[in-house]
Amino acid sequence: MSTRGSSNPEGQPPVSETALISQFTRREIQAPLAACLIRAFAGELGEEKALQIAAEAIQSDAASAGKAVAGQLGGNSMKELARVVRELWAADEAISFRILEESDQNLSFDVTRCRYAEYYEREGMLDLGFCLSCSRDGAFTQGFNPRILLSRTQTIMQGQPVCDFRFTLEEPGDVD
1 MSTRGSSNPE GQPPVSETAL ISQFTRREIQ APLAACLIRA FAGELGEEKA
51 LQIAAEAIQS DAASAGKAVA GQLGGNSMKE LARVVRELWA ADEAISFRIL
101 EESDQNLSFD VTRCRYAEYY EREGMLDLGF CLSCSRDGAF TQGFNPRILL
151 SRTQTIMQGQ PVCDFRFTLE EPGDVD
């Protein structure tokens, strides 16, 4: 199944970090300032240290967002995570994706088009795109549900043809 920014199921409130703007629009607004700051800090601290600090802050924000979205949905199962992907992540056709597996234990899909990567490339920020957007995904997932693990080996942002998202729900005894 190929999906582009689909609507939410009947009778369910829309999923959003805020009700006013889409996640993609939020990144378009945030990215120029974030890039300016990261590049300025890189000039003083070095690129590696500046990216490390930025990634830590961005991931902390993403974990908080994941927790908030789970609270808004009233649950944090794979079913709710699938809603997040369809309604929050794919809003404004930010991503096009193909579902490979969707069950109570697993959610697997490949992103086949990423407007985030297109935007960062167009604006001369592709070198920061992974830090600004892709690095959020694992932390968001942990905030959403610490028992859901994300495995991803490639991203469009880093020049690959697809982003391979593989979410797995650990059994209760498997969590460290």
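Numbering (UniProt numbering), first residue to last: 1 to 176.
Even for Gly, the Cβ is constructed at its ideal location relative to N, Cα and C.
Checklist entry - Curious, which full-length beta strand (DSSP E) runs of at least 3 residues does the segment 122-171 contain? => result 148-151, 163-169
Checklist entry - Nearest to Thr112 by CA position, among Ala90, Thr168, Ile148, is which residue? => result The count along the sequence shown starts at 1 and reaches residue 112 at position 112. Selected option, being the one with the closest Cα: Ala90.
Checklist entry - Given 8 Å as the limit, is there contact between the segment 19-30 and the segment 80-98, that is, 3 or more CB pairs closer than that? => result yes
Checklist entry - Roughly how many angstroms lie between the CA atoms of Asp127 and Cys36, to the nearest whole one? => result Numbered from its first residue, the sequence shown carries residue 127 at position 127. Numbered from its first residue, the sequence shown carries residue 36 at position 36. Going by the C-alpha atoms only, they are around 13 Å apart.
Next on the checklist: Rounding to the nearest angstrom, what Cα-Cα distance links Thr168 and Ala54 in this structure?
Outcome noted: The residue you call residue 168 lines up with position 168 of the sequence shown. The residue you call residue 54 lines up with position 54 of the sequence shown. Between Thr168 and Ala54, the C-alpha separation is close to 27 Å.
Checklist entry - Going by the CB atoms, is the gap between Arg166 and residue 178 shorter than 9 Å? => result Any answer about residue 178 is impossible in this case: the structure gives the chain only from 1 up to 176.
Next on the checklist: Quick check on DSSP: helix, strand or coil for Thr3?
Outcome noted: Within the sequence shown, residue 3 is the residue found at index 3, counting from 1. At Thr3 the pLDDT is 48, less than 50, meaning the model places this residue with poor confidence; the figure from the coordinates comes in the next sentence. DSSP places Thr3 in strand when its eight states are reduced to three.
Checklist entry - Per DSSP, Asp110 is paired with what? => result By 1-based counting over the sequence shown, the position of residue 110 is 110. According to DSSP, which records beta bridges pairwise, Asp110 is partnered with Arg98, Asp164.
Checklist entry - Mapping DSSP to helix, strand and coil, what is Leu73? => result As a first step, residue 73 is located in the sequence shown; it is residue number 73 there, counting from the start. In this structure, Leu73 counts as helix in the three-state DSSP scheme.
Checklist entry - How about Gly138 and Ser64: do their beta carbons lie closer than 9 Å? => result Position 138 of the sequence shown, counted from the start, is the residue given in the question as residue 138. Position 64 of the sequence shown, counted from the start, is the residue given in the question as residue 64. No.
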